[in-house]
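Chemist:
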Amino acid sequence: MDTLFILEPLLTAIVVAPGVLFLAIATLWLLGWTPPERFIARTAAALYSAMAAAVVVLCVLMLRAGQDSLYVMHGAWFRVGEYSFPLLIFVDRLSLPLILLTVALVGITGSFSVRYLHRDVGFLRFFLLMHLFAFGALLVFTAGSYDLLLGGWELVGFTSVFLIGFFTGRREPVRNAIRVFATYRIADLGLMTAVFVLHHSAGSALYPTLFQGVWPAQTSALNTGAATLAGLLLLLGASGKSAQVPFSGWLPRAMEGPTPSSAIFYGAISVHIGAYLLLRSEPVLRQAPFAAAAVVLVGCATALLGTLAHRTSNDVKTSLAYAAMTQLGVIFMEIGFGFTWLALLHIVGHACVRTMQFLRAPSLLHDHHGLHAAAGGHLEPTGLHWEKLVPAPARAWLYRAGLERGFLDSLTDRFLIEPGLNLAWILLYFERPARPAESDPAPATRPATETR
Amino acid sequence: MSYNRSTEAVSIFYTADRDHGHLRHVVNHLAHLLPAQGPIGVFIHHNTLHAFQHLPFEQAVVEASAIYGTQPYMTEEAFRAQIANGRIRTEDITAILDLEPNVPILTGPSPLDRRGLRQAMILPGMRPTAEDTIEWHLSEGGLIESAADSRLFSACSRPELESERDPQIPQRPHDGMLAHFGIDLDGMVNPLLTRLAGAFLDQGVAYWPMPERERGFLHAAYAALRQPYCVLPKGLHLLPVILRWHDAAQLNAETIVGEALRALGAVSHDWENFLRGELLALPGWAGMIWRLQEEPELAPHQPLPSVLMEFLAVRMTLVLAAVSGVDGHPRIWQSPIARKSSKAQRLLRDATFFQAAKSAGIPAEVLENLPRRQMTLFHREVFEFGDLERRRILQLAYERRHERQILLPLCQHRQRGTGPPAAKRPSAQAFFCIDEREESIRRQWEELDPTIETFGAAGFFGVAMDYCGVDDAHGVALCPVVVKPQHKVHERPAEGHAHTLARRRLLRKRLSRWQRGAGISTRTLFRGWLSTVVLGVFSLIPLAARVLSPRHYARLIHQLNQWLLPEPRTELAFHRAPEQHPEGLLPGFTITEKVERVAGVLAAAGLVKDMSRLVLILGHGSTSLNNPHESAHDCGACGGRRGGPNARLFAAMANHPQVRAGLLEKGVYIPQDTWFVGGYHDTCNDDADLLDLHLVPSTHTQELARVRASLDLARQWSAHERARLFEAASGTITPAAALRHMQERAEHLAEPRPEYGHCTNAVTIVGRRAATKGLFFDRRAFLVSYDPTIDPDDSNLAKVLGAVIPVCGGISLEYYFSFVDNEGYGCGTKLPHNITGLHGVMNGYESDLRTGLPWQMVEIHEPVRNLFIVESTPQRVLTTIHASPLLTEFLENRWIRLAVLDPAGAGIQMYRGSGVFEPVSGTDETLPTAASSVEWYQGHMEHLPVARIESLAGVR
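Chains as they are written, first to last, in our numbering: chain A, 1 to 452; chain B, 1001 to 1956.
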């Protein structure tokens, strides 16, 4: 087939292009050249417009050829005995829209960031991380196996953490970035274990081996027990990335970064990657009704928590974070129920809306002022129907629960982190018996101005 | 849980009434230390250290820095960079040091006096060292380079000065707990308090407003905290016990604070110290509560019973719970914190002394043989001139050079004289706001069209009013904040246009309802599901359009608005018959009142005769996106709002025949054929609208069209001049493209610097345009038109200075502080800002409210105190200023600098305090000339010195 001849390198190029740009700029920088802003801006604009065009060409060619999916094999990274790590990338009806979405939103956000971060000391760092993120996200969407997906998944995770801690001059961004990092690590354990389980029970984590047919009507060869275990572990991994209960507490903390990174990560791409993982694992969930039910339950809890916390949020970014969480919960429910196409549509639509809203967040006052004047100085109060429906004591409790974001942070602090730290102190006793339990009370204030 | 100790207190109220009086006094006193910034939608520039204005500047900044933990001046490194690039010269440092008393320090082979020592400590200067790094500096960092250095260092070591530092008494529980246990109390208390305060103060972001907040913060916060079945944040698990105690005893805010202070063991003479620390732990939130307590009407949408004492009560309750939670004993934090006299501290001291001796060129053998008494004196002299003192001298030197860069060229310009006065009547005269951002458009316009004359007057044009436009929700005060408007004016549809307006209002209302509904419905559960699934994808289109081509998107929206919304012709309702005296605000102005206002502006500016056929009055404001601080760019003289209506009203008044008759009696002659046109200039996108054009007599329309055309050209050139500071506008941009670029900046969702605002302000010149015409001030000078020759009793001067010193001085000081310590006094970088409650910004999701100016607004500022140059005699200016306590405070405490320009000659005298003026002369600064403004600024991005523009000066 002649189209295949073009399609295969095209797909490969689309996936690796941001990674290559990242490597190129990072290498030049390590060699001692600090690229000027204009260079970074132009390369980013050129890259993402070329990629967008390439994805459109890819779509058109695949449609014309009537192809549902496209597999490109790049050999294996390594082989150990019977096991090999094949570098298989592929696109199908699920990943293609998400690739298009990623390229479009990263491109637009990149263009936004050129202006937004102009003259910031972290300009180069931001764009390096953005390219690496784009590479990671595209790798997640095009990986042909769970093994390879994990690579992209981790890239997305750690670029996300670095952008939350972007402003290294203050304590809070760094502290919150570490917290997000820890949350990701715990949830990622689920994904990794799931990969082990799949290898153990099916002998492979390659999609073509695991699943037969065309997405979403695929079947899997797993038995119910393995599918349930794998499904639950995948849910654990997906919940971390997509801020589902009980991991939700990290999402507002992620707002410490610059606005465009909030938009692209927590409004658009990164938070939906968990949902993609579950959509990709659709046959596993269909094989395991118990796991599917768990997905619905987690989604439902998240949606309720999200909508409750959103209603009490009084700053624009937290409000958007919980609004996003609400819809993420609904998307999980859709996936659990098996409404795959609806979920995909929901992901794409939601990502577009939230990106727009995050990027507009700093203009809220301007927008609201116009709205208020146009409404004649009186905006209808919101939330009135709740006051009619819910009795006052329950309302007061719900308000408190919303204000404390469903108590998830307090629960984590008191019943997970504190016992964990205590345990660590005890264990330290075996490590270094002589060490006195001395803590370092770093002063919270800035250094004194005068050393007379 | 052992809480017995405090629960006993239920029956014995320790805090008696007199304590409450004391407590109220302490809290009211401390409240002045909180930031005075109100809700950010109306941003009013003011002196950040207003609370310290009764002190001299140099003392105030140091005292404030001790309280807030901030920087009083730029850092020594920053000053050093200014020395390196020639902005501070050695002669400036010498001149400043010469002003201070001198004493001999060392005699003998290498004599040294105080001036010499200080000079040496600044130049070549000292390497910045700190306790953490001193060992590195000494061992590897190259501080000691040779054997001679080693010997000198040993000679400088003074082990006999070893002393134990006194243990430190913790100021408040947070300090003690952190030092003793490494427990961060603020980390426990602040997040919850931030959320509660944010919920309480919210002006319309949250879908659910805080229940019962109309009953006050304490009530609402307790109502929320009292809920059962809740998981309390870490460390606050004793909170319910304390709440039960407070409920049982029915304590009010004051008793809660008093009881908490008692339980925590604070003694009453220490309350101030203790509570200062607690209030300054979250100064932004506490400040907003205080601001709204003082002026509840500042709340933009939702008036709230905001009381600082209640905020403090909730805070103290949380602190008490957190402290008690550690082991049940609420006074555990009080034990003193021991401070070691460390090796590093001693090394640092010796190294400082060593560096001073080395830079002063004192050899080791001199020090080794120095009698003990002299050694002590030398030592003391070195440490008396510490980092803060050096920075003070550097700041003064920095300002001295600035003075000379402005004043000497101004003198020379005056000496060279301007061309002969225009024989012909000017084609138009235009009033702009005194704002330094209008300097470029005024100069460019005069350059393009020599028949134009410009004036500067405070942008509310003397009409203080409460104004409500047809598109506004309610009236707002358009006047300086210190003035309370007595009159109200509203815009109404002109005869026969009421219908159009009604249709417009209805459409706007529907549109806004739809927009708001759409916004909310993407965020809730069910509607959000529907709208994101069905419509979500389509938001990609406006998203791409707005980000990739903001100007075209804005044009499209503008077009749509024009098609959709009918535009009625309107007029201002501002006439009132003299006999009308209703309660409250007076509707409009009587003839006498109008005459007073018009005469006030015209006479002060010296435009009492020789008027042209067209007089333009241009108010100003600024429109931008991605900018919570948008209002900070609006007109300061209009209270942080836009001054278009004031200009329109002023023109309408001055066109009124009866007003003109009245003006004649006051000595202001407006010819029959003069017509006033009001307008509005947007300093961000550089648009200018002229208003009420349908009223312009047909005899004037052609001239107006010509003036309008030259104004449009001036706008382009002004935009071109502004564009030089922005990298996004390339250096070779054409004026028309520059204007488009400015329009794009205003509409760009991502632009953190829509305009640079007052960032470049440094000077205020009060005098006739003749003194400044033809000078390039680089948009750095507020230009106030004032004619001393027609002001025999200095009443105009008093009016002008009374307005411009607080306004321009306040702007300048706000920029000063936000620049020298952007994290401490300003609000840091804009990039992580997050609008909260429609009244302020936070960093990220949960921080203190950030007050002051963001880095992007101040990054190119030169932190100098505003230099006022008044065209009058020293005696007249001083008498006028001393007549007002406020202005005296500004001047005598050196919050501003003052120079006086001789109205008849060319001499300039600088005020040196205590009534002394000193003539300014010298040849260290010259007045460069350039053929035109563009020739002078083209290709430069840095601040440019004053230059004489030949085409304008009339010499060519």
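Every residue gets a Cβ at the ideal spot worked out from N, C-alpha and C, and that includes glycine. Note that the structure is predicted; figures quoted are calculated from it, not measured.
Between Arg-1597 (chain B) and Val-1482 (chain B), which are expected to be in contact by the criterion C-beta below 8 Å, what is the C-beta distance as a whole number of angstroms?
Modeler: Contact doesn't hold; Cβ gap of about 17 Å is too wide.
Chemist: Report the residue from B:Leu-1448, B:Arg-1492, B:Val-1382 whose alpha carbon sits nearest the alpha carbon of Trp-1717 (chain B).
Modeler: Comparing Cα-Cα distances from Trp-1717 (chain B) to each of B:Leu-1448, B:Arg-1492, B:Val-1382, the minimum goes to B:Leu-1448.
Chemist: How long is the line joining the alpha carbons of Gly-1837 (chain B) and Asn-314 (chain A), rounded to whole angstroms?
Modeler: About 5 Å.
Chemist: Check whether the region 339-350 of chain A touches the region 83-103 of chain A, taking contact to mean three or more Cβ pairs, one atom from each stretch, closer than 8 Å.
Modeler: Touching, yes.
Chemist: When you compare the CB of Thr-12 (chain A) with every CB in chain B, is at least one pair closer than 8 Å?
Modeler: No, Thr-12 (chain A) does not count as interfacial toward chain B.
Chemist: Spatial neighbours of Met-1121 (chain B) within its chain, please: CB distance less than 7 Å, with the 5 preceding and 5 following residues excluded, ordered by chain position.
Modeler: Only Ala-1356, Ser-1359, Phe-1385, Arg-1390 meet the Cβ criterion.
Chemist: Give a yes or no on whether 8 Å exceeds the smallest Cβ distance from His-1943 (chain B) to chain A.
Modeler: Not an interface residue.
Chemist: Quick one: what does DSSP say Leu-58 (chain A) is sitting in, helix, strand or coil?
Modeler: Leu-58 (chain A): helix per DSSP, three-state reduction.
Chemist: Excluding the 5 residues flanking Leu-163 (chain A) on each side, which residues of the same chain have their C-beta closer than 6 Å to its C-beta?
Modeler: Cβ neighbours of Leu-163 (chain A) beyond the five flanking positions: Leu-129, Gly-257, Ser-261.
Chemist: Helix, strand or coil: which one does DSSP assign to Ser-2040 (chain B)?
Modeler: Here chain B comprises residues numbered 1001 to 1956, so residue 2040 (chain B) is not present and cannot be evaluated.
Chemist: Using Cβ-Cβ distances below 9 Å, what residues of the region 91-105 of chain A are close to chain B?
Modeler: Within the region 91-105 of chain A, the residues whose Cβ lies closer than 9 Å to some Cβ of chain B are Leu-101, Ala-104, Leu-105, listed in chain order.
Chemist: Should Thr-1094 (chain B) be listed as close to the ligand SAM, given that the test is whether its C-beta is under 7 Å from any heavy atom?
Modeler: Absence of the ligand SAM is noted for the structure shown, with no ligands found whatsoever.
Chemist: I need the DSSP call for Tyr-1680 (chain B), collapsed to helix, strand or coil.
Modeler: Of the three classes helix, strand and coil, the one that applies to Tyr-1680 (chain B) here is strand, per DSSP.
Chemist: Pick from B:Pro-1885, B:Pro-1191, B:Ala-1762: whose alpha carbon is nearest that of His-1980 (chain B)?
Modeler: With chain B represented from 1001 up to 1956, any question about residue 1980 (chain B) goes unanswered, as that position is not in the structure.
Chemist: Which same chain residues, not among the five before or five after Phe-290 (chain A), have their C-beta less than 7 Å away from its C-beta?
Modeler: Result list for Phe-290 (chain A): Thr-228, in chain order.
Chemist: Within a Cβ cutoff of 7 Å, which residues of the same chain sit near Ala-1798 (chain B), ignoring the five residues on either side of it in sequence?
Modeler: Excluding sequence neighbours, Ala-1798 (chain B) sits near Thr-1880, Ala-1883.
Chemist: Which residues of chain B have a Cβ atom closer than 7 Å to the Cβ of Pro-173 (chain A), listed in chain order?
Modeler: The answer, in chain order, is Gly-1844.
Chemist: So, helix, strand or coil for Asp-1689 (chain B), using DSSP?
Modeler: In this structure, Asp-1689 (chain B) counts as strand in the three-state DSSP scheme.
Chemist: Kindly say whether Lys-1358 (chain B), judged by its beta-carbon, lies nearer than 8 Å to any beta-carbon of chain A.
Modeler: Not closer than 8 Å to any Cβ of chain A, the Cβ of Lys-1358 (chain B) fails to qualify, so no.
Chemist: Where Glu-1131 (chain B) and His-1137 (chain B) are concerned, what is the direct C-alpha to C-alpha distance, given to the nearest angstrom?
Modeler: In a straight line, the C-alpha of Glu-1131 (chain B) is about 10 Å away from that of His-1137 (chain B).
Chemist: Just to check my reading of the structure: Pro-1854 (chain B) and His-1629 (chain B) have Cβ atoms closer than 8 Å, yes? What is that Cβ distance to the nearest angstrom?
Modeler: Contact flag correct, Cβ pair sits at about 6 Å.
Chemist: Assign Leu-1572 (chain B) to buried or exposed, taking buried as 16 or more other Cβ atoms, counted over all protein chains shown, within 10 Å of its Cβ.
Modeler: Leu-1572 (chain B) comes out buried.
Chemist: With Met-130 (chain A) as the anchor, note down where its alpha helix (DSSP H) starts and where it stops.
Modeler: Per DSSP, Met-130 (chain A) belongs to the alpha helix (DSSP H) from 123-142.
Chemist: Find the nearest neighbour of Leu-305 (chain A) within the set A:Ala-323, A:Ala-292, A:Leu-4, judged by alpha-carbon distance.
Modeler: The shortest C-alpha separation from Leu-305 (chain A) is found at A:Ala-323.
Chemist: Give, in chain order, every unbroken run of the alpha helix (DSSP H) that is at least 4 residues long and sits entirely within the region 1560-1609 of chain B.
Modeler: Runs of the alpha helix (DSSP H) inside the region 1560-1609 of chain B: 1591-1605.
Chemist: What is the DSSP secondary structure of Val-1955 (chain B), counted as helix, strand or coil?
Modeler: Because Val-1955 (chain B) sits at a pLDDT of 38, beneath the cut-off of 50, its placement in the model cannot be relied upon, and the point is left open.
Chemist: Taking the CB atoms as reference points, tell me whether Leu-1275 (chain B) and Leu-1312 (chain B) lie closer together than 8 Å.
Modeler: The answer is yes: Cβ separation under 8 Å.
Chemist: What residues in its chain sit with their C-beta under 6 Å from that of Pro-18 (chain A), if we drop five residues either side in the sequence?
Modeler: Excluding residues within five positions, the ones whose Cβ falls inside 6 Å are His-131, Ala-134, Phe-135.
Chemist: Taking 8 Å as the threshold, find out whether the region 1780-1788 of chain B comes into contact with the region 1612-1629 of chain B through three or more Cβ pairs.
Modeler: Touching, no.
Chemist: Sort B:Ser-1812, B:Leu-1243, B:Glu-1567 by Cα distance to Leu-1507 (chain B) and report the nearest one.
Modeler: Among B:Ser-1812, B:Leu-1243, B:Glu-1567, the Cα nearest to that of Leu-1507 (chain B) is on B:Glu-1567.
Chemist: Mind checking if Leu-383 (chain A) is an interface residue toward chain B, Cβ cutoff 8 Å exclusive?
Modeler: A quick correction: the sequence has Gly, not Leu, at residue 383 (chain A). Yes, Gly-383 (chain A) lies at the interface with chain B (some Cβ there is under 8 Å from its Cβ).
Chemist: Can you tell me whether DSSP reads Gln-212 (chain A) as helix, strand or coil?
Modeler: Correct three-state label for Gln-212 (chain A): strand.
Chemist: To the nearest angstrom, how far is the alpha carbon of Ile-1406 (chain B) from that of Leu-1867 (chain B)?
Modeler: Going from the Cα of Ile-1406 (chain B) to the Cα of Leu-1867 (chain B) covers about 9 Å.
Chemist: Report all residues from its chain with a CB closer than 6 Å to the CB of Phe-1817 (chain B); omit the five preceding and five following residues, and keep chain order.
Modeler: Correct list, in chain order: Thr-1048, Tyr-1825.
Chemist: Checking the sheet assignment: what are the DSSP bridge partners for Val-80 (chain A)?
Modeler: DSSP, once it has assigned bridges, lists A:Tyr-83 as partnering Val-80 (chain A).
Chemist: So what does DSSP say about Phe-1013 (chain B), is it helix, strand or coil?
Modeler: Unreliable placement is indicated for Phe-1013 (chain B), whose pLDDT of 49 sits below 50; the coordinate value is still reported in the next sentence. If DSSP states are grouped into helix, strand and coil, Phe-1013 (chain B) belongs with coil.
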